[in-house]
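Asks: The structure follows.
Number of protein chains: 2
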Amino acid sequence: MLLSKLFIPITKDLPSDAKIKSHQLMLRTGMIRQSASGIYSWLPLGFKIMKKIELIVREEQNNIGAQEMLMPTIQSADIWKESGRYDDYGEEMLRIKDRQGREMLYGPTNEELITEIFRSSIKSYKSLPQMLYHIQWKFRDEVRPRFGVMRCREFFMKDAYSFDIDEESAKKSYNKMFYAYLKTFKRLGLEAIPMAADTGPIGGDLSHEFVILAETGESKIYTDKKIFEINLNKFQFNDTSLENMRKEFTSFYAVTDEKFNKGEFDKLVDKSNQIITKGIEVGHIFYFSDKYSKPLNCFVDSQDGNKNSVKMGSYGIGVSRLVGAIIEAKYNNDIMKWPKLISPFDIVIIPSISKNNKENLAKANKIYQDLKQQNVDALLDDVDENMSAKFKKHDLIGVPYQIIIGSKSQGDKFEFKEINGETKILSLKEIKDKIKN
Amino acid sequence: MLLSKLFIPITKDLPSDAKIKSHQLMLRTGMIRQSASGIYSWLPLGFKIMKKIELIVREEQNNIGAQEMLMPTIQSADIWKESGRYDDYGEEMLRIKDRQGREMLYGPTNEELITEIFRSSIKSYKSLPQMLYHIQWKFRDEVRPRFGVMRCREFFMKDAYSFDIDEESAKKSYNKMFYAYLKTFKRLGLEAIPMAADTGPIGGDLSHEFVILAETGESKIYTDKKIFEINLNKFQFNDTSLENMRKEFTSFYAVTDEKFNKGEFDKLVDKSNQIITKGIEVGHIFYFSDKYSKPLNCFVDSQDGNKNSVKMGSYGIGVSRLVGAIIEAKYNNDIMKWPKLISPFDIVIIPSISKNNKENLAKANKIYQDLKQQNVDALLDDVDENMSAKFKKHDLIGVPYQIIIGSKSQGDKFEFKEINGETKILSLKEIKDKIKN
Chain A
1 MLLSKLFIPI TKDLPSDAKI KSHQLMLRTG MIRQSASGIY SWLPLGFKIM
51 KKIELIVREE QNNIGAQEML MPTIQSADIW KESGRYDDYG EEMLRIKDRQ
101 GREMLYGPTN EELITEIFRS SIKSYKSLPQ MLYHIQWKFR DEVRPRFGVM
151 RCREFFMKDA YSFDIDEESA KKSYNKMFYA YLKTFKRLGL EAIPMAADTG
201 PIGGDLSHEF VILAETGESK IYTDKKIFEI NLNKFQFNDT SLENMRKEFT
251 SFYAVTDEKF NKGEFDKLVD KSNQIITKGI EVGHIFYFSD KYSKPLNCFV
301 DSQDGNKNSV KMGSYGIGVS RLVGAIIEAK YNNDIMKWPK LISPFDIVII
351 PSISKNNKEN LAKANKIYQD LKQQNVDALL DDVDENMSAK FKKHDLIGVP
401 YQIIIGSKSQ GDKFEFKEIN GETKILSLKE IKDKIKN
Chain B
1 MLLSKLFIPI TKDLPSDAKI KSHQLMLRTG MIRQSASGIY SWLPLGFKIM
51 KKIELIVREE QNNIGAQEML MPTIQSADIW KESGRYDDYG EEMLRIKDRQ
101 GREMLYGPTN EELITEIFRS SIKSYKSLPQ MLYHIQWKFR DEVRPRFGVM
151 RCREFFMKDA YSFDIDEESA KKSYNKMFYA YLKTFKRLGL EAIPMAADTG
201 PIGGDLSHEF VILAETGESK IYTDKKIFEI NLNKFQFNDT SLENMRKEFT
251 SFYAVTDEKF NKGEFDKLVD KSNQIITKGI EVGHIFYFSD KYSKPLNCFV
301 DSQDGNKNSV KMGSYGIGVS RLVGAIIEAK YNNDIMKWPK LISPFDIVII
351 PSISKNNKEN LAKANKIYQD LKQQNVDALL DDVDENMSAK FKKHDLIGVP
401 YQIIIGSKSQ GDKFEFKEIN GETKILSLKE IKDKIKN
């Protein structure tokens with residue numbers, strides 16, 4: 001794409017409430033624009049990155065056999081009254097009356113609705129287990145929305161639900177999701193730690209949150225260096241191996257400050273392995289048995305002829321939140337570096353353009369066309385601007401590879417650099433090989 | 001996929017309000033489930049089809065240079081007050097008060113919001129023209145929601161917006177969208193007619209709706225057979241050719257009953273070319289100049305140093321509605337036939353299974369694995385059910401190709417048929433060649 005044609009409104013003016021770096025960067029590079037308090041429009045650059053994250057989340061859900069569907073954003077209050085959460089949820093739930101005066105709400109989560117769908121569809125143990133998920137906008141009416149997409153009101157989230165005949169089978173579904181989450185965050189270029197967690201308003205007795213490391217993170221975390229040495233690839237996708245996987249990951253000390261206990265930490269973790277840092281929650285999984293299926297009468301016929309309440313879990317990943325979290329983890333010293341799989345472009349071509357010399361732009365265009373033909377998604381900065389301004393801009397946009405067409409390029413050799421890395425003089429063929437690896 | 005593992009709740013019980021065939025079929029095949037009046041959950045089968053439609057809509061928008069972004073579902077009432085539509089919209093607009101008592105609404109369309117985004121981002125004629133689009137859920141609080149996804153309250157829609165410096169340029173953008181719409185509907189296997197239309201609450205003086213032919217359509221249409229003989233491929237993607245394209249398409253008589261005039265019809269259309277049938281609106285495009293940019297102060301610096309109001313158009317396709325419309329057009333005599341590009345599966349394998357004979361299932365499994373390896377998305381009906389029930393079910397699900405594994409299959413030859421077509425005995429290789437064409 002040609003930068004001059006793209007709708008990427010770069011700005012230097014930041015509102016005073018943009019206090020954290022992801023919020024600042026997303027506004028500066030025109031990734032998002034605030035439409036109302038805690039409500040954002042995703043402009044093309046931000047949208048493209050979020051879509052790439054969504055795709056990876058989706059693939060890893062499909063890989064463990066979860067089926068995609070889509071629940072609506074607006075729900076009837078009735079099922080929330082059945083579960084008893086209508087009152088519990090308080091003012092964070094956006095309550096709505098439609099033109100007929102019916103009580104509706106903008107779904108903050110979907111345990112009730114999915115249980116209602118399931119109970120009316122599945123009648124026999126033979127159809128279990130099942131895992132369903134959707135990726136949909138949700139709304140929580142935060143009293144004080146802040147930190148950009150990190151704590152906003154309308155947010156994009158993947159939520160999955162598992163349905164099993166008994167607890168033993170339900171734990172297997174839980175392990176599959178545990179695995180999918182570790183794979184997802186790994187592909188996103190993140191170091192994620194699963195941590196035993198409180199279950200909060202979702203409920204249940206087994207729960208893990210997935211926290212990624214970021215120096216600016218919202219919560220302090222205490223863990224064991226050895227948790228990062230576990231090789232995820234050694235586990236196979238079968239029940240025994242996945243049970244071992246969860247056991248191994250959860251055998252290491254890993255807590256946020258709420259649960260931190262210094263004595264325990266020193267006892268369980270060798271001094272030299274102690275890691276104290278900060279993190280951001282990006283996923284949360286729950287097993288809550290029949291907390292919803294019982295009040296909502298979601299039963300199936302079991303093999304022995306009885307009616308069993310379905311055993312359920314739910315599994316969330318904040319997709320829009322991840323965009324901010326990844327920036328918090330990867331943006332340092334005014335340089336952003338998007339993990340390759342979710343970078344908005346594969347490479348950016350930056351020609352030095354002057355009034356009297358359009359030769360560099362012509363050269364850049366030729367390279368651009370060449371890369372395009374080979375399905376490399378290149379960005380060509382054809383804007384008439386001085387090079388130092390361009391470099392600063394691309395440090396923020398964060399495309400991981402750059403081809404610089406200026407004084408140092410000669411014949412078919414060009415200046416190439418990995419963002420924040422060293423410059424090399426390479427041929428186009430060498431550059432292509434580099435970005436394909 | 002194995003049918004026994006999929007969440008496709010087939011049902012025979014239809015609610016009494018399911019009066020049109022798309023509504024009936026979608027409920028019977030478990031494509032959707034009503035969650036509240038006029039609000040549906042999309043179950044895996046329906047979701048998969050809708051996603052395929054969304055993808056084609058997206059590709060054709062990208063092909064004409066429109067950039068994808070995403071506006072939120074919840075908007076502030078303020079910008080609607082600026083444009084003057086807050087009062088005009090009436091009760092169809094879902095109005096919401098948040099916890100702070102601020103007036104919000106669930107966007108029924110996005111002219112105001114996109115204008116607000118544009119005015120704060122683009123300052124100069126040099127950045128024009130631009131086309132932006134998003135595919136997002138919208139809400140219109142219909143007084144009497146009915147006909148399933150055809151007239152529901154929460155619906156999925158692609159809406160695009162064009163921004164130009166003057167009317168001449170704006171008409172070029174309009175023509176590009178006109179072209180994208182014809183291409184989109186053609187790829188979806190539909191015959192769509194562009195018709196001069198009233199502009200309604202969107203406003204403006206130039207507007208076309210795109211209507212597809214369906215015997216059960218909501219509006220009667222009168223047109224000229226010759227409009228279907230125009231070859232879209234003869235037009236190139238340049239301004240002159242696209243202007244000729246729009247002229248040619250709009251040179252033929254094509255109106256709904258509102259605008260029908262018998263005298264005119266007889267005068268302009270040769271008796272033998274007159275077509276009187278029914279149709280369903282699936283898209284609507286508008287050019288409305290500065291109807292929104294003026295009250296919302298969306299101006300750019302023009303080349304001569306003045307401030308010009310931006311000239312805008314908007315362009316909608318009902319993505320969720322298309323699922324229903326395609327069924328209305330393609331479902332006849334209890335047989336559905338999905339156009340190949342949006343079929344939920346490429347092919348279905350239907351083995352005859354009996355208690356004492358699992359040989360056919362084993363054979364079917366082998367074929368399934370073989371097709372899977374070659375990236376053919378096959379559905380294997382591994383459910384233990386008699387063949388006539390299976391055939392009826394697959395007539396409804398509508399996968400266009402079937403491999404039947406029963407008495408007629410011998411060695412490596414199998415019964416193959418195109419849905420509602422004749423049975424042939426073919427080898428697997430011949431079958432693969434067939435579905436790849």
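Chains as they are written, first to last, in this note's numbering: chain A, 1 to 437; chain B, 1 to 437.
Backbone N, C-alpha and C define an ideal beta-carbon position, used for all residues, glycine too.
Helix or strand or just coil, what does DSSP make of N332 (chain B)?
Replies: On the second sequence, residue 332 (chain B) is found 332 positions in, with the first residue counted as 1. Three-state result, N332 (chain B): strand.
Asks: Grab the span of the beta strand (DSSP E) containing Y174 (chain B) for me, first residue to last.
Replies: Counting from 1 along the second sequence, the entry for residue 174 (chain B) is found at position 174. For Y174 (chain B), there is no enclosing beta strand (DSSP E); the enclosing alpha helix (DSSP H) has its first and last residue at 167-187.
Asks: Ignoring anything shorter than 4 residues or poking outside the region 343-406 of chain B, list the alpha helix (DSSP H) runs there in chain order.
Replies: Runs found: 359-373, 387-397.
Asks: Using beta carbons (cut-off 8 Å, strictly below), is L132 (chain B) in contact with chain A?
Replies: On the second sequence, residue 132 (chain B) is found 132 positions in, with the first residue counted as 1. At least one chain A Cβ lies under 8 Å of L132 (chain B).
Asks: Straight-line CA distance for L94 (chain A) to G398 (chain B)?
Replies: As a first step, residue 94 (chain A) must be located in the first sequence, where it is residue number 94. As a first step, residue 398 (chain B) must be located in the second sequence, where it is residue number 398. So the alpha carbons of these two residues sit roughly 39 Å apart.
Asks: Output, in chain order, the set of chain B residues within a Cβ distance shorter than 7 Å of D141 (chain A).
Replies: Against the first sequence, residue 141 (chain A) aligns to sequence position 141. D98, R99, listed in chain order.
Asks: What is the C-beta distance between I350 (chain B) and I276 (chain B), in whole angstroms, given that I count them as a contact (C-beta under 8 Å)?
Replies: For this step, residue 350 (chain B) is matched to residue 350 along the second sequence. For this step, residue 276 (chain B) is matched to residue 276 along the second sequence. That pair is no contact at about 40 Å.
Asks: With a Cβ-Cβ cutoff of 8 Å, do A36 (chain A) and L27 (chain A) count as a contact?
Replies: Here residue 36 (chain A) corresponds to residue number 36 of the first sequence, with the count starting at 1. Here residue 27 (chain A) corresponds to residue number 27 of the first sequence, with the count starting at 1. No, they are not a contact pair.
Asks: Mind checking who N308 (chain B) pairs with in its DSSP beta bridge?
Replies: As a first step, residue 308 (chain B) must be located in the second sequence, where it is residue number 308. DSSP output for N308 (chain B) lists B:V300 as bridge partner(s).
Asks: How would you call T115 (chain A), buried or exposed, if buried means at least 16 neighbouring beta carbons within 10 angstroms?
Replies: By one-based count along the first sequence, residue 115 (chain A) stands at place 115. Result: buried.
Asks: Taking a Cβ distance cut-off of 7 Å, strictly less, list which residues of the region 61-72 of chain B are near chain A, in chain order.
Replies: Q67, E68, M69, L70, M71, P72
Asks: Helix, strand or coil: which one does DSSP assign to T109 (chain B)?
Replies: Taking the first residue of the second sequence as 1, we reach residue 109 (chain B) at position 109. Note: T109 (chain B) maps to coil in three-state DSSP.
Asks: Would you call the region 307-315 of chain A and the region 223-243 of chain A in contact, with 3 or more CB pairs under 8 Å?
Replies: no
Asks: For the region 28-41 of chain A, which residues have a beta carbon sitting closer than 8 Å to at least one beta carbon of chain B?
Replies: G30, R33, S35, A36, S37, I39, Y40, S41
Asks: Please identify, using Cβ separations under 7 Å, the residues of the region 70-95 of chain B that lie next to chain A, in order along the chain.
Replies: Within the region 70-95 of chain B, the residues whose Cβ lies closer than 7 Å to some Cβ of chain A are L70, M71, P72, T73, I74, Q75, S76, E91, L94, listed in chain order.
Asks: Give me the subset of the region 111-128 of chain A whose CB atoms are less than 9 Å from a CB atom of chain B, sorted by chain position.
Replies: The residues in question are L113, I114, E116, I117, F118, S120, S121, I122, K126, S127.
Asks: Under a three-way DSSP split, which group does I44 (chain B) fall into?
Replies: Locating residue 44 (chain B) in the second sequence gives position 44, where the first residue counts as 1. For the sequence presented, residue 44 (chain B) should be read as Pro rather than Ile. Reduced to three states, the DSSP call for P44 (chain B) is helix.
Asks: Would you kindly check if the distance between the Cβ of T73 (chain B) and the Cβ of W137 (chain A) is under 8 Å?
Replies: Here residue 137 (chain A) refers to the residue found at position 137 when the first sequence is read from its first residue. Here residue 73 (chain B) refers to the residue found at position 73 when the second sequence is read from its first residue. Their beta carbons are under 8 Å apart, which means W137 (chain A) touches T73 (chain B) by this criterion.
Asks: So what does DSSP say about Q67 (chain A), is it helix, strand or coil?
Replies: On the first sequence, residue 67 (chain A) is found 67 positions in, with the first residue counted as 1. Residue state, collapsed to three classes: strand.
Asks: Any idea if V143 (chain B) is buried or exposed, counting beta-carbon neighbours within 10 angstroms, 16 or more meaning buried?
Replies: Looking up residue 143 (chain B) in the second sequence gives position 143. By the neighbour-count criterion, in which 16 or more other beta carbons inside 10 Å mark a residue as buried, V143 (chain B) falls on the exposed side.
Asks: Quick check on the burial criterion: 16 or more other C-beta atoms within 10 angstroms. Buried or exposed for L341 (chain A)?
Replies: The count along the first sequence starts at 1 and reaches residue 341 (chain A) at position 341. Exposed, since its Cβ has fewer than 16 Cβ neighbours within 10 Å.
Asks: Note down, in chain order, every chain B residue with its Cβ under 7 Å from the Cβ of L43 (chain A).
Replies: For the purposes of this step, residue 43 (chain A) is taken as residue 43 along the first sequence, with counting starting at 1. Result: M69.
Asks: In or out: P129 (chain B) buried (at least 16 other Cβ within 10 Å) or exposed?
Replies: Working through the second sequence from its first residue, we reach residue 129 (chain B) at position 129. Residue environment analysis places P129 (chain B) among the buried positions, since at least 16 neighbouring C-beta atoms fall within 10 angstroms of its C-beta.
Asks: What does V211 (chain B) pair with, by DSSP beta-bridge criteria?
Replies: Numbered from 1 along the second sequence, position 211 holds the residue referred to as residue 211 (chain B). For V211 (chain B), which the question treats as bridged, DSSP gives the partners B:I193, B:E281.
Asks: State the start and end residues of the unbroken alpha helix (DSSP H) segment that holds S83 (chain B).
Replies: Numbered from 1 along the second sequence, position 83 holds the residue referred to as residue 83 (chain B). Unbroken alpha helix (DSSP H) run through S83 (chain B): 77-83.
Asks: Identify the continuous beta strand (DSSP E) that holds M131 (chain B) and give its terminal residues.
Replies: As a working mapping, residue 131 (chain B) is identified with position 131 in the second sequence. Its beta strand (DSSP E) spans residues 130-139.
Asks: Strictly by DSSP, which residues pair up with L2 (chain B)?
Replies: The residue you call residue 2 (chain B) lines up with position 2 of the second sequence. For L2 (chain B), which the question treats as bridged, DSSP gives the partners B:L380.
Asks: On the DSSP bridge assignment, give the partners of A160 (chain B) in chain order.
Replies: Translated into the one-based positions of the second sequence, residue 160 (chain B) becomes position 160. For A160 (chain B), which the question treats as bridged, DSSP gives the partners B:Y133, B:Y315.
Asks: Counting along the chain, where does the alpha helix (DSSP H) carrying T250 (chain B) start and finish?
Replies: Reading the second sequence from its first residue, position 250 is the one you call residue 250 (chain B). Residues 239-250.
Asks: Leaving out five residues on either side along the sequence, give the residues of the same chain with a beta carbon under 7 Å from the beta carbon of Q303 (chain B).
Replies: Within the second sequence, numbered from 1, the residue matching residue 303 (chain B) stands at position 303. Excluding residues within five positions, the ones whose Cβ falls inside 7 Å are Y125.
Asks: Run down chain A in chain order and give the residues with a C-beta less than 8 Å from the C-beta of M104 (chain B).
Replies: Along the second sequence, one-based indexing puts residue 104 (chain B) at 104. The contacting residues are A36.
Asks: Are R33 (chain A) and L43 (chain A) touching if we call contact CB-CB under 8 Å?
Replies: On the first sequence, residue 33 (chain A) is found 33 positions in, with the first residue counted as 1. On the first sequence, residue 43 (chain A) is found 43 positions in, with the first residue counted as 1. Yes, these two residues count as a Cβ contact at 8 Å.
Asks: Per DSSP, which residues does F416 (chain B) bridge with? Please list them.
Replies: For the purposes of this step, residue 416 (chain B) is identified with residue 416 of the second sequence, where counting begins at 1. F416 (chain B) is bridged to B:I403, B:K424.
Asks: Identify the contact partners of L6 (chain B) in chain A, using a Cβ-Cβ distance below 8 Å as the criterion.
Replies: In the second sequence, the residue the question calls residue 6 (chain B) occupies position 6. What L6 (chain B) touches in chain A: Q67.
Asks: Would you mind telling me which residues of chain B sit closer than 9 Å to E154 (chain A), beta carbon to beta carbon, in chain order?
Replies: The residue you call residue 154 (chain A) lines up with position 154 of the first sequence. Ordered by position in chain B, the residues that pass the 9 Å Cβ test against E154 (chain A) are P72, T73, I74.
Asks: The beta strand (DSSP E) with S219 (chain B) in it runs from where to where?
Replies: Here residue 219 (chain B) corresponds to residue number 219 of the second sequence, with the count starting at 1. Per DSSP, S219 (chain B) belongs to the beta strand (DSSP E) from 219-224.
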